[in-house]
Amino acid sequence: MSNPLYELKITDKQSFVRFLGLLREDFISNPEGWENKTLPRFFEALATYTEDFLVYYNNININADTPEWSTFADIFKVVLPIDFPQRH
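So the sequence shown is numbered by our numbering: it starts at 222 and just counts up by one.
As structure tokens, then:
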């Protein structure tokens, strides 16, 4: 099963904004699928992953110190519901 959140290529500000819109739509239509249902829990998970993603990016030769729009999308994707396909 495909998911538009993973099909969308994040290459610039506009595509990142579209990604955030899709993220919002999914949360509204599928809140029970989200592990982090409150903003405090969501931001805690987001902050934890953001601290740790440097190691992952270094392992795949991406410079996390100069992030691109796709980097921000990758950070958000990691806190998506567990049943999403193609989860990093």
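No residue lacks a Cβ here, since even glycine has one placed at the ideal position from N, Cα and C. Treat the numbers as computed from the prediction; the structure is a model and nothing was measured.
Residue i classed as buried or exposed, judged by whether at least 16 other C-beta atoms fall within 10 angstroms
i: I249; result: exposed
i: K298; result: buried
i: L226; result: buried
Nearest residue (CA-CA) to residue i, options the options
i: L314; options: T287, A266 and F264; result: Because the chain spans 222 through 309 in this model, residue 314 falls outside it and cannot be assessed.
Rounded separation between residue i and residue j - CA only
i: T292; j: A285; result: 8 Å
i: E246; j: I296; result: 18 Å
i: N282; j: T271; result: 17 Å
Cβ neighbours of residue i in the same chain (closer than 6 Å, five flanking residues each side left out)
i: R308; result: The predicted model places R308 with a pLDDT of 40, which falls under 50 and marks its position as unreliable, so this point remains unresolved.
i: L267; result: V300
Chain-order list of residues whose beta-carbon lies under 7 Å from that of residue i (same chain, five-residue window excluded)
i: F237; result: I231, W290, F293 and A294
i: L244; result: L226 and F297
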